[in-house]
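Position 165 of the sequence shown, counting from 1, maps to 176 under our numbering, and the rest follow consecutively.
Structure, as structure tokens:
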Amino acid sequence: MFTKRNLIIFGLLFVLILVAVLYFATLGEKQYTIEKTPPKESMTAKQAYDLASAEAKKWQADVQPVFLKTIGEVKEGKSEAWQAEFYSKSYTEAQGGPVGSPTKYNYLVTVKNKKIENTEIAESGIWGSGLPSDWRDSAEVAGQFLALPNFKNETIKELNLYYDRAFQKWFWAVRTEKGVTGFEIR
Numbered sequence: 012m013f014t015k016r017n018l019i020i021f022g023l024l025f026v027l028i029l030v031a032v033l034y035f036a037t038l039g040e041k042q043y044t045i046e047k048t049p050p051k052e053s054m055t056a057k058q059a060y061d062l063a064s065a066e067a068k069k070w071q072a073d074v075q076p077v078f079l080k081t082i083g084e085v086k087e088g089k090s091e092a093w094q095a096e097f098y099s100k101s102y103t104e105a106q107g108g109p110v111g112s113p114t115k116y117n118y119l120v121t122v123k124n125k126k127i128e129n130t131e132i133a134e135s136g137i138w139g140s141g142l143p144s145d146w147r148d149s150a151e152v153a154g155q156f157l158a159l160p161n162f163k164n165e166t167i168k169e170l171n172l173y174y175d176r177a178f179q180k181w182f183w184a185v186r187t188e189k190g191v192t193g194f195e196i197r
């Protein structure tokens, strides 16, 4: 007859056999490992520019910056990704363009997580100019911008450092939901 004690013993044996069967049945299956996503490393414009400029100088030694802009989220004037465009007079002349004319191709450098992610020669009709050494970094510009009464609660969507040929000056453009606001870089 089945006593309480026998039922407990049979129950334990059943559980042990079930565990053993499941263990041996899954023994040959692939083991999956979860890789951690590397942390996002945000950079200021100057940090991104230094990396991008060094990379662009490998392409042509006489490069001049055209623009530098954020890609993706901007927090406190920093972004994990930036794109820079560079112009080279020697490359323009080598392609048959007249002296001083814009090239049909410039060099794009994308920096992400403090590393060069991509470089490419891209169509462009824009040329730049040397950046002054005392330009304000993106964190400073963002801080000053968000301190303005009209923009205290705004979220910065994009920062763009660009050369305006008409004014022959460098400017910061700050894009928010309200539109775009410009600042001189000094």
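Here a beta-carbon is modelled for each residue, glycine too, at the ideal position from N, C-alpha and C.
No experiment lies behind these values; they were computed from the predicted model shown.
message = Can you tell me whether LYS26 is helix, strand or coil according to DSSP?
response = As a first step, residue 26 is located in the sequence shown; it is residue number 15 there, counting from the start. For clarity, residue 26 is Val in the given sequence; the question names Lys instead. Helix at VAL26.
ask   = Run through DSSP, which three-state label would SER144 get?
value = Residue numbering aside, residue 144 sits at position 133 when the sequence shown is read from its first letter. DSSP places SER144 in coil when its eight states are reduced to three.
query = From PHE78 to TYR174, what distance separates their C-alpha atoms?
reply = On the sequence shown, residue 78 is found 67 positions in, with the first residue counted as 1. On the sequence shown, residue 174 is found 163 positions in, with the first residue counted as 1. Straight-line Cα distance between these residues: approximately 7 Å.
query = How would you write the range of the beta strand (DSSP E) that THR81 sits in, first residue to last?
reply = Residue numbering aside, residue 81 sits at position 70 when the sequence shown is read from its first letter. The continuous beta strand (DSSP E) containing THR81 extends over residues 74-82.
ask   = What does a CB cutoff of less than 6 Å around ALA59 pick up in its chain, not counting 5 residues either side in sequence?
value = On the sequence shown, residue 59 is found 48 positions in, with the first residue counted as 1. Cβ neighbours of ALA59 beyond the five flanking positions: TRP93, VAL122.
inquiry  = DSSP has THR14 in a bridge; who is on the other side?
reply    = For the purposes of this step, residue 14 is identified with residue 3 of the sequence shown, where counting begins at 1. DSSP lists no partner for THR14.
Through-space distance from ASN161 to GLN106, alpha-carbon basis = As a working note, residue 106 is residue 95 in the sequence shown. As a working note, residue 161 is residue 150 in the sequence shown. Roughly 47 Å between the two C-alpha positions.
inquiry  = Could you tell me the alpha carbon to alpha carbon distance between PHE97 and ALA158, rounded to whole angstroms?
reply    = In the sequence shown, the residue the question calls residue 97 occupies position 86. In the sequence shown, the residue the question calls residue 158 occupies position 147. Roughly 32 Å between the two C-alpha positions.
key: Three-state class that DSSP yields for VAL152 in the structure shown   = Counted from its first residue, the sequence shown places residue 152 at position 141. Note: VAL152 maps to helix in three-state DSSP.
request  = For ALA184, I'd like the list of residues in its chain whose CB is within less than 7 Å of its CB, leaving aside the five on either flank, ordered along the chain.
outcome  = Counted from its first residue, the sequence shown places residue 184 at position 173. Counting only Cβ-Cβ distances below 7 Å, and skipping sequence neighbours, we find ASN171, TYR173, VAL191, GLY193.
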